[in-house]
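Notes follow once the structure below has been shown.
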Amino acid sequence: MAKSKLWGGRFEANTSELMDQFNASLPFDINLMEYDIEGSLAHVKMLGKQEILTAAEVEKITEGLKDVKKDLEAELEAGTFDFKEAEDIHSLVEARLTAKIGAVGGKLHTGRSRNDQVAVDMRLYLRDQTEQIMEMILKFMQVLLELAEEHAETVMPGYTHLQRAQALTFGHHLLAYYFKLKRDYQRFQDALKRINVSPLGSGALAGSSFNLDRDFTAQELGFERACENSMDGVSDRDFVLEFLSVASNLMLHLSRLSEEVILWNSKEFSFIELADQYTTGSSIMPQKKNPDLAELVRGKTGRVIGSLNQLLLTIKGLPLAYNKDLQEDKEGLFDSVDTLQVILELYPEMLKTMTVKKEAMQQAAATGFLNATELADFLAENGIPFRQAHQIVGEAVLFASQKQKELDQLGQPEWEEILGDYLKVDADKLKEKLAVKAAVNSHATKGGPAFEESKRVIKEERKFLAQK
Ligand code: ARG
Numbered sequence: 001m002a003k004s005k006l007w008g009g010r011f012e013a014n015t016s017e018l019m020d021q022f023n024a025s026l027p028f029d030i031n032l033m034e035y036d037i038e039g040s041l042a043h044v045k046m047l048g049k050q051e052i053l054t055a056a057e058v059e060k061i062t063e064g065l066k067d068v069k070k071d072l073e074a075e076l077e078a079g080t081f082d083f084k085e086a087e088d089i090h091s092l093v094e095a096r097l098t099a100k101i102g103a104v105g106g107k108l109h110t111g112r113s114r115n116d117q118v119a120v121d122m123r124l125y126l127r128d129q130t131e132q133i134m135e136m137i138l139k140f141m142q143v144l145l146e147l148a149e150e151h152a153e154t155v156m157p158g159y160t161h162l163q164r165a166q167a168l169t170f171g172h173h174l175l176a177y178y179f180k181l182k183r184d185y186q187r188f189q190d191a192l193k194r195i196n197v198s199p200l201g202s203g204a205l206a207g208s209s210f211n212l213d214r215d216f217t218a219q220e221l222g223f224e225r226a227c228e229n230s231m232d233g234v235s236d237r238d239f240v241l242e243f244l245s246v247a248s249n250l251m252l253h254l255s256r257l258s259e260e261v262i263l264w265n266s267k268e269f270s271f272i273e274l275a276d277q278y279t280t281g282s283s284i285m286p287q288k289k290n291p292d293l294a295e296l297v298r299g300k301t302g303r304v305i306g307s308l309n310q311l312l313l314t315i316k317g318l319p320l321a322y323n324k325d326l327q328e329d330k331e332g333l334f335d336s337v338d339t340l341q342v343i344l345e346l347y348p349e350m351l352k353t354m355t356v357k358k359e360a361m362q363q364a365a366a367t368g369f370l371n372a373t374e375l376a377d378f379l380a381e382n383g384i385p386f387r388q389a390h391q392i393v394g395e396a397v398l399f400a401s402q403k404q405k406e407l408d409q410l411g412q413p414e415w416e417e418i419l420g421d422y423l424k425v426d427a428d429k430l431k432e433k434l435a436v437k438a439a440v441n442s443h444a445t446k447g448g449p450a451f452e453e454s455k456r457v458i459k460e461e462r463k464f465l466a467q468k
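Number 137 in full-length UniProt numbering belongs to position 137 of the sequence shown; there are no gaps in the numbering.
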């Protein structure tokens with residue numbers, strides 16, 4: 001098919017081949033095909049209702065559009081589609097339509113511009129994708145919650161500065177990510193309100209002289225409402241920026257989790273072992289099992305944030321209304337959507353199939369003086385000012401490490417040597433208090449790692465997920 005142009009009238013010469021290529025967006029906006037046709041179907045229905053087109057014309061165009069969609073789907077499926085056929089998805093569909101039903105196809109564009117058309121397409125696309133992504137986040141949260149429940153009593157070291165800090169549980173650690181993802185879910189939910197607004201009928205920038213019913217098309221397309229200003233309608237890309245910003249935040253969370261998964265899976269930690277399905281080998285070192293999925297997620301985080309930054313920079317400084325720069329809103333968005341969807345599919349599976357090495361976690365939590373704060377708290381409870389207690393426990397840690405013992409391995413005479421000046425000590429009681437499990441369970445503050453507290457939170461969140 002010859003390359004069709006929508007704007008031949010006032011031109012004497014054709015654009016150069018290279019310019020055509022540079023100008024074209026079809027290779028990527030073909031992604032918008034079904035949404036473009038959906039938007040056109042609503043538009044033509046409205047043109048009929050408003051008696052701008054006759055019922056016969058509407059019928060012809062409607063049937064034609066459905067056929068064009070079928071043809072395009074088949075060609076894309078078969079791999080026979082020619083990505084150079086037209087400048088963009090809008091000109092492609094119109095040319096195909098006219099080829100099918102004749103000149104009446106040209107009436108579809110009555111009262112419409114590609115500027116409002118592309119804005120409609122982008123919003124329909126993004127609404128659809130956002131809803132899918134939200135569903136996937138919920139499934140991910142479900143997996144995290146199940147794992148958190150399974151490991152509500154799996155003791156592990158908690159870290160600050162990547163130094164062992166205080167004992168907690170693996171379940172508590174996973175719950176932290178559950179809540180990060182819950183906020184991401186809510187952010188997408190909120191972004192959806194601003195995505196789901198109809199710019200159709202904004203025209204090129206100044207609306208239309210035709211008696212268009214904008215509320216009708218908005219409703220027909222499932223939008224919450226029609227936008228209030230035609231110039232805003234065609235120039236607004238905040239909804240894309242907002243999506244990319246929320247997506248970046250989600251990726252940051254997954255990147256941090258990935259960093260931890262990579263550490264936990266290392267020989268040095270040995271807290272988990274990832275399943276073969278989600279790791280890869282080395283071409284030279286036969287012993288290796290690399291956490292590639294987690295590494296790629298960490299790596300692709302830069303890519304999604306890059307797309308956000310790219311679009312921020314593209315839009316900065318654009319005068320109203322439409323400028324061709326805005327065509328640059330697509331590739332980074334499509335890429336980010338695809339990236340998120342694959343990751344959200346794979347990641348929960350990787351977590352579900354990992355082996356959790358409880359003994360190694362427990363062992364790590366029992367060594368390294370993670371209960372030093374417990375001891376300081378105990379002294380403070382017995383009237384010693386916390387600052388002084390801190391100093392005394394520091395000395396106790398030094399004392400024990402010189403003997404190559406943990407605090408809960410010290411005997412009565414040793415405790416008397418350390419604490420005798422301050423209080424009466426009972427080594428057995430101290431041993432009980434400083435045991436790892438007891439230490440975790442004493443942290444029963446709201447949102448703390450104590451077994452029962454985590455379980456309470458999990459129960460609450462089950463209710464949240466059940467409502468979704
Ligand atoms: N391919 C264009 C885009 O993605 C469609 C809108 C073209 N509008 C125009 N006035 N040239 O932005």
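Using N, Cα and C, we set each Cβ at its ideal position, and we do this for glycine too.
A quick note: this is a predicted structure, and the numbers were derived from the prediction, not measured.
**Asked** Among Gly302, Val304, Glu328, which residue has its Cα nearest to the Cα of Thr314?
**Response** Selected option, being the one with the closest Cα: Glu328.
**Message:** Going by DSSP in three states, Ser198 sits in which element: helix, strand or coil?
**Reply:** Residue state for Ser198 is assigned as strand, using DSSP reduced to three classes.
**Item:** Per-residue DSSP class, three states only, for Glu273
**Value:** In the three-state DSSP reduction, Glu273 falls in the strand class (E or B).
**Prompt:** If we ignore side chains and look at the alpha-carbon of each, how far apart do Met1 and Asp128 end up?
**Reply:** Any reading at Met1 is ruled out, since the residue's pLDDT is 39, under 50, leaving its predicted position unreliable.
**Request:** For Tyr35, I'd like the list of residues in its chain whose CB is within less than 6 Å of its CB, leaving aside the five on either flank, ordered along the chain.
**Result:** Cβ contact annotation for Tyr35 (same chain, cutoff 6 Å, sequence separation greater than five): Asp121, Leu124, Tyr125, in chain order.
**Request:** Can you give me the Cβ contacts of Val104 inside the same chain, cut-off strictly under 6 Å, excluding the 5 residues immediately before and after it?
**Result:** These residues qualify, in order along the chain: Glu57, Lys60.
**Close Cβ partners of Gln412 (< 6 Å) along its chain, the five nearest in sequence each way excluded** = Closer than 6 Å at Cβ, skipping near neighbours: Ala427.
**Request:** Quick one: residues in its chain with C-beta nearer than 7 Å to the C-beta of Ser208, no 5 flanking neighbours on either side, listed in chain order?
**Result:** In its chain, beyond the 5 residues on either side, Gly111, Gly201 have a beta carbon closer than 7 Å to the beta carbon of Ser208.
**Request:** Report the three-state DSSP secondary structure of Pro157 (helix, strand or coil).
**Result:** Three-state DSSP puts Pro157 in a strand.
**Same chain only: Cβ atoms within 6 Å of Ala366, ignoring 5 sequence neighbours per side** = Within its own chain, the residues whose Cβ lies closer than 6 Å to the Cβ of Ala366, once the five positions on either side in sequence are excluded, are Val436, listed in chain order.
**Message:** Check whether the segment 133-148 and the segment 335-351 touch, using three or more Cβ-Cβ pairs below 8 Å as the test.
**Reply:** Touching, yes, given that three or more Cβ pairs across the two stretches are closer than 8 Å.
**Asked** Just the Cα atoms here: how many angstroms apart are Ala206 and Gly48?
**Response** About 22 Å.
**Asked** Would you say the segment 269-276 touches the segment 350-368, given that touching needs at least three Cβ pairs under 8 Å?
**Response** Yes: the two stretches touch, three or more of their Cβ pairs being nearer than 8 Å.
**Asked** Mapping DSSP to helix, strand and coil, what is Asn441?
**Response** In the structure shown, the three-state DSSP call for Asn441 is helix.
**Item:** 6 Å Cβ shell around Lys300 - same chain, five flanking residues per side excluded
**Value:** The residues are Thr339.
**Prompt:** Going by C-alpha distance, which of Ser113, Ser266, Ala450, Val246 is nearest residue 469?
**Reply:** As shown, the chain starts at 1 and ends at 468. That puts residue 469 outside it, with no answer to give.
**Prompt:** Thinking just about the alpha-carbon of each residue, which of Glu38, Phe170, Glu149 is nearest to the one in Val440?
**Reply:** Distance check between Val440 and each of Glu38, Phe170, Glu149 places Phe170 closest, using alpha-carbon atoms only.
**Message:** What does DSSP give as the partner residue(s) for Ala226 in the beta ladder?
**Reply:** Paired residues: Ser198.
**Prompt:** Relative to the alpha-carbon of Arg183, which residue among Tyr159, Asp236, Ser248, Ile52 has its alpha-carbon at the smallest distance?
**Reply:** Of the listed residues, the one whose Cα sits closest to Arg183 is Ser248.
**Prompt:** Okay, do the segment 38-46 and the segment 208-220 touch, 3+ Cβ pairs below 8 Å being the bar?
**Reply:** Under the three-pair Cβ rule at 8 Å, the segment 38-46 counts as touching the segment 208-220.
**Message:** Under 8 Å, with one C-beta from each stretch per pair, do the segment 251-261 and the segment 288-304 reach the 3-pair mark?
**Reply:** They touch, by the three-pair rule.
**For Leu326, the three-state DSSP class (helix, strand or coil)** = In the structure shown, Leu326 sits in a helix (DSSP, three-state: H, G or I).
**Message:** At 4 residues or longer, what runs of the alpha helix (DSSP H) sit wholly inside the segment 76-139?
**Reply:** The DSSP assignment places 89-101 as complete runs of the alpha helix (DSSP H) inside the segment 76-139, in order along the chain (cut-off: 4 residues).
**Exposure of Glu460, with buried meaning 16 or more beta-carbon neighbours within 10 Å** = With fewer than 16 other Cβ atoms inside 10 Å of its own Cβ, Glu460 counts as exposed.
**Message:** Out of Asp335, Leu423, Pro348, which one is the CA nearest neighbour of Ala376?
**Reply:** Answer by Cα proximity: Leu423.
**Request:** Would you tell me roughly how many angstroms separate the C-alpha atoms of Thr130 and Leu192, rounded to the nearest one?
**Result:** Answer to the nearest angstrom: the Cα atoms are 7 Å apart.
**Asked** With DSSP run on the structure shown, which of helix, strand or coil describes Ala165?
**Response** Three-state DSSP puts Ala165 in a strand.
**Asked** Given that a residue counts as buried once 16 or more other Cβ atoms are within 10 Å of its Cβ, and exposed if not, what is Thr160?
**Response** When all chains shown are included, Thr160 counts as exposed.
**Request:** Identify which residue in Lys84, Ser91, Ala321, Glu87 has its Cα closest to the Cα of Val68.
**Result:** When only C-alpha atoms are compared, the closest one is Ser91.
**Residue environment, Phe243, which counts as buried when at least 16 other CB atoms sit within 10 Å** = With 16 or more other Cβ atoms inside 10 Å of its own Cβ, Phe243 counts as buried.
**Message:** I need the straight-line Cα distance from Lys403 to Phe386, nearest angstrom please.
**Reply:** Taking the straight line from one Cα to the other gives about 25 Å.
**Request:** Identify, in the order they occur along the chain, each residue of the same chain with its Cβ nearer than 7 Å to the Cβ of Leu65, setting aside the five sequence neighbours on each side.
**Result:** Sequence-distant partners of Leu65 (beyond 5 residues in either direction) whose C-beta falls short of 7 Å from its own C-beta, in its chain, are Ile37, Ser40, Leu41, Leu97.
**Message:** Suppose you measure from the CA of Glu228 to the CA of Gly222; what does that come to, to the nearest Å?
**Reply:** Using only the alpha carbons, I get a separation of about 17 Å.
**Asked** How would you call Thr445, buried or exposed, if buried means at least 16 neighbouring beta carbons within 10 angstroms?
**Response** Burial call: exposed.
**Prompt:** When every heavy atom of ligand 1 is checked, does at least one fall within less than 8 Å of the C-beta of Ser25?
**Reply:** Checking the Cβ of Ser25 against ligand 1 gives yes.
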